[in-house]
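Protein chains in written order, with the working numbering: chain A, 1 to 229; chain B, 230 to 848.
Below is one structure, written out as structure tokens; the observations come after it.
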């Protein structure tokens, strides 16, 4: 069955490419699943892998940004004697508990999806979203407390970094909430088609990864802001 | 055949509406062309600014009535003010670095050809791809608007160079050019960062996930390696600039003191004693320099690596020889990218850093010479003994090698602290980075344009006009930048609007005028390029699928390629990218899609001569 399309040289489809990777890994050949033939699950999986890879790549960029801000934090703290740490708003302990819990519920949701338990998947997603919203609320309360004490973004370098880091983390977390909402809306559609299912799992994995990263990032920022001296 | 109909069902239909097809397109090819068009517009703006600057340097005090009409604030009665000159420096640098040297090589050609060269139908995330272009365009509109927001009456835009050093850039009242224009400058760069990050994310994922069957990593064209490394650099460096930009904006707008030290006087007012200059303490201006250059140095490689990839690709194609030392080339690209993250301090030798840090940065900087030399000698090795076809693309690729050597060699001079201290902020630095980062990258893109134009538009560019364009540009840029080295050694400082006040620089004036005339001639030669580009789209000679007898996947499909690149039939790759002059093969090139079987059937005489005068290329 030799086919020639727009100058593509004649190829013998029955033969595997000589000298190439005999079993292309999960990364190689992601597009083949869409090519009509070779329709088994592993190809859908490798095509859907782009969402997982893309998320790791995106996290590398986010990590670099917070690394840059951390280095600025350390340099700024050491460069002058005007560094006066603000007192930790107690509500941040609640924040921390909320986001750790939300990571747990999302992980449960992801496992339910793998077990095809749609109803509990949906329920745990809803729970995660609620915890995420509560986290954002607790952060806003912390800001209000500080504003009530007269601590603003320009008050001193530590408060500047506090507002900056919590706001930057918060913006990323809002992105995570949008992603969770997207996952929840998608539960209304049930796909039995192999490719759509593989994509759905991959997207859920990617969102979970992002959320865990935001969880870890918050813990890191919390330690940096209030326990690093 | 049933297989074919099955594939036809799975083909992605091309969008039909004008807006989905050409404006908000998800097709990586259209997005690539959009990026190239953005760069072609931005480079016109940047070039015009450089001509205006040269005019002011060579003929100070002359009235240019048109200037007075265009910029009543910056050039009252047609005479340029020094502030206007400085904002031209800023805008020229920013527009050229971000919106030309970063968009065209990566966003433009990378977008168009990376998916085709790895045998993919499109990018991994087409919507993100579209967003990255439109975000970048918004950034460009914002930076253009910065010209028109005058801080003081005499200024027309931000003043601070493309580096925007604090505390000048951090204080809105610090002087002319630090007002609204500077805010817009920072916002524009932040927007650009976001656009670039979306692009980089897409490039990396596409390359890792979407290679076609048989396209192992070591079978990728060197262009793909270059675009991939560039994307990694962008991914890791732009977030740092974004972080720094947010800090700078907070210093300006929210009263923080990240970069503003205490005890500053501003127009005779001490910080904190007057409401016009609120209290700032303890910030570190050097911190901005660290954050900026941690991004700024990799940015240099973001600009030039795609040019290196295109040069390797084109040299091999027109020398009719495999790239000399393919693996070494791949590792050299990686080495340059990696070392690029550890040398940012060489931009800051005069910032008062510890001599020990300076020495470390110096040694690391000089060590970049090693992979650079590997690449240069491999290019020469590729050319050596080849049956060279001197097309315009080939001339520009050879020009790239020449300019890369000429500009890179002074990097070894400036990389040494003892030499950098006197040369810093002189025209020597200007000459160095313009040759190696600016002009060499642009030559890489010219080569890419002449080479890939037939694939993008189905027609060849005019070779006679192309060669005329090459020779004028090639001689022109050397006439511009070689004398600048001399000026720098004499001690002519950068970013000065005029030199009439300096006795020791007066003897250089004829050289300054010469450079300006060369610059104007070179800029005029670009009209030929633009004309050739437009004319060839409609009237150029028709190109077939493979006008250059090249080997990589983009030449296996139609010109221009269909919406899904390979008309629903993904290619299978059997061999490396540069199989030219293979002994015993029927042609002097073997496409990547050619199965091994064919070769063996033809090639009984593997040990014999290859028919082109060589007998050395074994695989």
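Even for Gly, the Cβ is constructed at its ideal location relative to N, Cα and C.
Q: Sort out for me which residues DSSP pairs residue 157 (chain A) with in a bridge.
A: According to DSSP, residue 157 (chain A) bridges with nothing at all.
(Q) Using a Cβ-Cβ distance cut-off of 8 Å, determine whether residue 86 (chain A) contacts chain B. (A) no
Q. Which partner residues of residue 809 (chain B) appear in the DSSP bridge assignment?
A. DSSP lists B:818 as partners of residue 809 (chain B).
Q.
Quick check on the burial criterion: 16 or more other C-beta atoms within 10 angstroms. Buried or exposed for residue 149 (chain A)?
A. An exposed status is given to residue 149 (chain A), since fewer than 16 other beta-carbon atoms sit within 10 Å of its beta-carbon.
Q.
So with CB distances below 9 Å, who are the chain B contacts of residue 186 (chain A)?
A. Per Cβ cutoff of 9 Å: no residues; residue 186 (chain A) is ~16 Å from chain B at best.
(Q) Looking at the strands, I want to know which residues DSSP matches up with residue 506 (chain B). (A) B:503
Q: Let me know the secondary structure DSSP gives residue 722 (chain B) once reduced to three states.
A: strand
**Q.** Which listed residue (B:717, B:552, B:605) has its alpha carbon closest to that of residue 651 (chain B)
**A.** Considering only alpha carbons, the answer is B:717.
**Q.** Own chain partners of residue 366 (chain B) with C-beta closer than 7 Å, once the 5 adjacent residues on each side are dropped
**A.** 267
Q: From the DSSP output, in three-state form, read off residue 494 (chain B) for me.
A: If DSSP states are grouped into helix, strand and coil, residue 494 (chain B) belongs with the strands.
Q) For residue 65 (chain A) and chain B, any beta-carbon pair shorter than 8 Å? A) yes
Q) Once you ignore the five residues that flank residue 162 (chain A) on each side, which residues in its own chain have a CB closer than 7 Å to its CB? A) 86, 225
Q. Leaving out the 5 sequence neighbours to the left and right, which residues in its chain are closer than 6 Å to residue 442 (chain B) when beta-carbon positions are compared?
A. 801
Q: Starting from residue 729 (chain B), trace the alpha helix (DSSP H) both ways and give me its first and last residue.
A: Residue 729 (chain B) -> no alpha helix (DSSP H), and no H or E assigned at all.
Q. Which partner residues of residue 771 (chain B) appear in the DSSP bridge assignment?
A. B:688
Q | Cα-Cα separation, residue 738 (chain B) to residue 515 (chain B) | A | One C-alpha to the other measures close to 35 Å.
Q. In its own chain, which residues sit with a C-beta less than 7 Å from the C-beta of residue 676 (chain B), not counting the 5 before and 5 after it?
A. Spatial neighbours of residue 676 (chain B) in its own chain (CB-CB distance under 7 Å, excluding positions within 5 residues in sequence) are listed in chain order as 539, 540, 543, 622, 625, 626, 629.
Q. Would residue 205 (chain A) count as contacting chain B if we go by Cβ distances under 8 Å?
A. No, because no Cβ of chain B sits closer than 8 Å to the Cβ of residue 205 (chain A).
Q) At a Cβ cut of 7 Å, what residues of the segment 477-490 of chain B count as close to chain A, listed as they run along the chain? A) For the segment 477-490 of chain B, the set of residues with a beta-carbon nearer than 7 Å to any beta-carbon of chain A comprises 479, 483, 484, 485, 486, 487, in chain order.
Q) Helix, strand or coil: how does DSSP classify residue 655 (chain B) here? A) Note: residue 655 (chain B) maps to strand in three-state DSSP.
(Q) Against residue 53 (chain A), what residues of chain B qualify as contacts under a CB-to-CB distance less than 7 Å, listed in chain order? (A) Neighbours of residue 53 (chain A) on chain B, chain order: 434, 437, 438.
Q. Using a C-beta to C-beta distance shorter than 9 Å, which residues of chain A count as neighbours of residue 459 (chain B)?
A. Near residue 459 (chain B) there are no residues of chain A at all, since even the closest Cβ is about 14 Å away, more than 9 Å.
Q) Is residue 306 (chain B) buried or exposed, if buried means 16 or more other CB atoms sit within 10 Å of its CB? A) exposed
Q: Determine the chain B residues that contact residue 60 (chain A) at a beta-carbon separation under 8 Å, and present them in chain order.
A: 464, 465, listed in chain order.
Q) Is DSSP giving residue 483 (chain B) helix, strand or coil here? A) coil
Q: Can you say whether residue 30 (chain A) is buried or exposed, counting buried as having 16 or more other CB atoms within 10 angstroms of its CB?
A: Annotation note: pLDDT 37 at residue 30 (chain A) (below 50); position unreliable, no value reported.
Q) Can you name, in chain order, every residue of its own chain whose Cβ lies under 7 Å from the Cβ of residue 228 (chain A), other than the five neighbours on each side? A) none
Q) Which chain B residues are close to residue 280 (chain A), counting only those with a beta carbon under 9 Å from its beta carbon? A) Here chain A comprises residues numbered 1 to 229, so residue 280 (chain A) is not present and cannot be evaluated.
(Q) 8 Å is my cut-off, CB to CB: does residue 82 (chain A) come that close to chain B? (A) With a threshold of 8 Å between beta carbons, residue 82 (chain A) makes contact with chain B.
(Q) Between residue 396 (chain B) and chain A, is any beta-carbon pair separated by less than 8 Å? (A) no
Q) What three-state label does DSSP hand residue 247 (chain B) in the structure shown? A) helix
Q | Nearest candidate by alpha-carbon position, reference residue 287 (chain B), set B:309, B:303, B:276 | A | B:309
Q) Of all the options B:793, B:645, B:455, which has the alpha carbon lying nearest to the alpha carbon of residue 255 (chain B)? A) B:793
Q) Considering only the beta carbon of each residue, do residue 341 (chain B) and residue 261 (chain B) sit closer than 8 Å? A) yes
Q) residue 190 (chain B): buried (16+ other C-beta within 10 angstroms of its C-beta) or exposed? A) This structure leaves residue 190 (chain B) out entirely; chain B is present only between 230 and 848.
Q.
Would residue 461 (chain B) and residue 520 (chain B) qualify as a contact pair, given that the criterion is a beta-carbon distance under 8 Å?
A. no
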